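Chemist: Position 54 (the sequence shown) corresponds to 54 in the UniProt record's numbering; numbering is contiguous. Provided herewith is a single structure, encoded as structure tokens, for subsequent inquiry.
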Amino acid sequence: MTYQNLTLSRIPNAASTSATTADDTQIYLITLRKAPENRIATAFAQEIIRALRDVERMVEAAGKDKQGAGVGAAVIIRGNGEKFWST
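Shown next as structure tokens:
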């Protein structure tokens with residue numbers, strides 16, 4: 001998956017598009033790459049939402065744990081410049 005002005009990856013360094021299972025680590029990292037301020041306007045906000053929807057889809061695809069519950073997941077959002085983000 002490619003995005004404009006951001007990247008999505010899994011921790012540990014796994015491709016974000018690889019298949020996941022309930023036993024896989026479900027930690028995702030979104031890095032905002034719109035230096036210098038990572039200013040969030042409508043189009044950039046829509047890209048962030050698209051990345052979050054992709055994370056949601058991958059977590060749902062991982063299935064259920066042994067007790068039948070959905071797997072937990074975490075999303076970390078960071079900026080690549082001096083500022084995390086600006087509105």
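Glycine included, each C-beta is placed from N, C-alpha and C at the ideal position. This one's a predicted model, so the numbers in the text were calculated from it and none came from an experiment.
Out of curiosity, what's the CA-to-CA distance linking glutamine 46 and isoleucine 27?
Modeler: 21 Å
Chemist: Let me know the secondary structure DSSP gives isoleucine 40 once reduced to three states.
Modeler: coil
Chemist: According to DSSP, is residue 168 part of a helix, a strand, or is it coil?
Modeler: With the chain covering only 1 through 87, there is no way to say anything about residue 168.
Chemist: Report the option in Ile77, Ala35, Asp24, Gln4 whose CA atom is closest to the CA atom of proline 12.
Modeler: Asp24
Chemist: Within its chain, find whatever has a CB closer than 8 Å to the CB of glycine 48; leave out the 5 residues flanking it on each side and keep chain order.
Modeler: The residue you asked about is not glycine; residue 48 is isoleucine in the sequence shown. For isoleucine 48, same chain residues with a beta-carbon under 8 Å away, outside a window of 5 residues either side, are Leu6, Ile30, Leu32, Ile40, Ile77 in chain order.
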